[in-house]
Amino acid sequence: STAAAAISTVVASTAYTAYVVASDVFGNKQTAVAMVSATTLADVTPPTFQLSYPAVGSITDSAATLSVVLNEAGTWYWVVLPSGSSTPSAAQVVAGTDGAGLAAVLSGSQSAAAGAVDTVRTASTLSAATLYDVWFVAQDAMPTPNLQLLATKVLLLTAADSTSPEFLAGYPSIVSVLDTSFSLEVQLSEAGRWWWIVLPDGTAAPSAAQVALGVGPFGTNGLAAGDVSVLASSTTTSTVVSSGLTAATS
C-alpha cells in the first residue's frame, strides 16, 4: 500500500532532496538510503495576518498606532475611513481609497518582515471622539506579488478631545496699526476661544493663565485685554485694540 507524509515547512520555488529508509514490522531496517528530489512550485499564496492582527492601539484624540504581523515578508496597506463607508476592495486599499474610489481620510503602506510586529503611527489629524473603519490588506514580496483577496476591517474610536488648539502659521498677528490703535488677528486649528492682553514693551511675559485672566505677570491689569470666540478652524478672527494705547509707543 502507499503511505504518504505531507511536508509543509518548505519554501516556494526551492529545490529539495529527501532521503528515505524503511524497516519491516520485524525491525529489519534497510542499509541503503533512497534519495528523491523535487523543486517546489512558484509562490501563488498571499500572506496571512497572524492571530490578533491587524490591530489598533495607543489611541489618542487625534491619532492611533496600526500594527500587523505577516506570516511571510511583504507589504501591508491601510486606509482610515469614516464609520459606515462602503467596503473597499483589496485593490482600493492599495490605492488609498474607499469603496467608491474616493480618497481615504488617511492611508499608507509599509514593508514587513515575516513574523515580526510592524507598526505605523497615523498622522494626528483624526477627529476626537469619532468612530472610524480601518481597512488592512497585504501582499507578499514575490516578483509578481500575491495580494490578499479581501481587506480586513478593524474599528477605531478616537478618545475625547484633550488637545489644546494651535495657532495656524502666521498667527497671531498685528495689523492695521494706527497712532492709537491696532488690530489683533488669529486663526486656530479648531473652534474655540482666544484671550489677549497688551502690556508695555519690555514687561515680563505673563503666563497662559494670566493672559486668560487679563492680567500681567504681577497680577496687575494690562493696558487692554479681552477674548474672542472662534466658531470654526482656519477662520480669521480679530479685535481692535485702542483703549489705553499711546501714539508712537511700543
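In case it helps, the working numbering puts the sequence shown at residues -12 to 237. Just so it is clear, CB atoms sit at the ideal spot from N, CA and C, and this is done for glycine as well. None of these values were measured; they are calculated from a predicted model.
Considering only their Cβ atoms, is the gap separating residue j from residue i smaller than 8 Å?
i, j, result
"GLY189", "PRO152", "no"
"VAL66", "ALA50", "no"
"LEU210", "PRO193", "no"
"ALA2", "THR32", "no"
"ALA77", "LEU28", "no"
"PRO204", "ALA195", "no"
Which one or two residues does DSSP pair with residue i in a beta bridge?
i, result
"VAL217", "GLY179"
"PRO69", "TYR119"
"PHE154", "LEU175"
"SER225", "GLU172"
"PHE36", "LEU57"
"ASP127", "GLY61"
"SER160", "GLU172"
"ILE184", "ALA212"
"VAL202", "ASN208"
Please return the same chain residues whose Cβ sits closer than 6 Å to the Cβ of residue i, not counting the five positions on each side in sequence.
i, result
"GLY86", "SER73, THR74 and PRO75"
"VAL80", "TYR64, VAL66, TRP122, VAL124 and ALA138"
"ASP30", "ALA(-1) and MET129"
"ALA100", "ALA60"
"GLN17", "VAL8 and ALA9"
"VAL198", "TRP182 and ILE184"
"THR52", "GLY44, SER45, THR106 and ARG108"
"GLY201", "ILE184 and ALA212"
"VAL162", "SER170 and GLU172"
"ALA5", "VAL23"
Roughly how many whole angstroms lie between the Cα atoms of residue i and residue j?
i, j, result
"VAL20", "SER0", "26 Å"
"SER39", "ASN15", "49 Å"
"ASP105", "LEU155", "33 Å"
"VAL228", "GLU177", "24 Å"
"SER168", "ASP148", "36 Å"
"VAL56", "SER98", "11 Å"
"GLY44", "LEU144", "10 Å"
"GLY206", "SER94", "49 Å"
"GLN37", "LEU136", "16 Å"
"THR222", "SER160", "14 Å"
"GLY88", "ALA(-7)", "43 Å"
"ASN208", "ALA82", "57 Å"
"GLY102", "SER(-5)", "17 Å"
"VAL12", "SER(-12)", "14 Å"
"SER220", "LEU113", "14 Å"
"THR224", "LEU165", "19 Å"
Suppose the cutoff is 8 Å on Cβ atoms and the five residues either side in sequence are ignored; what does the same chain contact list for residue i look like?
i, result
"VAL248", "There is no way to answer for residue 248, as the model of the chain reaches only from -12 to 237."
"THR226", "SER170, LEU171, TRP183, GLY213 and VAL215"
"THR131", "none"
"ALA146", "ILE46, THR47, ASP48, ALA115 and ALA116"
"VAL(-3)", "TYR3 and THR27"
"LEU218", "ALA178"
Give me, in chain order, the residues of the same chain whose beta-carbon lies closer than 7 Å to that of residue i; leave out the 5 immediate sequence neighbours on both sides.
i, result
"ASP120", "LEU68, SER70, SER72, LYS140 and LEU142"
"ALA42", "SER54 and VAL141"
"THR35", "ASN58"
"ALA(-9)", "none"
Comparing alpha-carbon positions, which option in the options lies nearest residue i?
i, options, result
"SER96", "THR84, GLY88 and LEU89", "THR84"
"THR117", "LEU28, ILE46, ASP11 and THR207", "ILE46"
"TYR158", "GLN174, VAL164 and SER221", "GLN174"
"GLN126", "SER111, THR62, VAL164 and LEU218", "THR62"
"SER111", "ALA(-10), THR150, THR224 and VAL202", "THR150"
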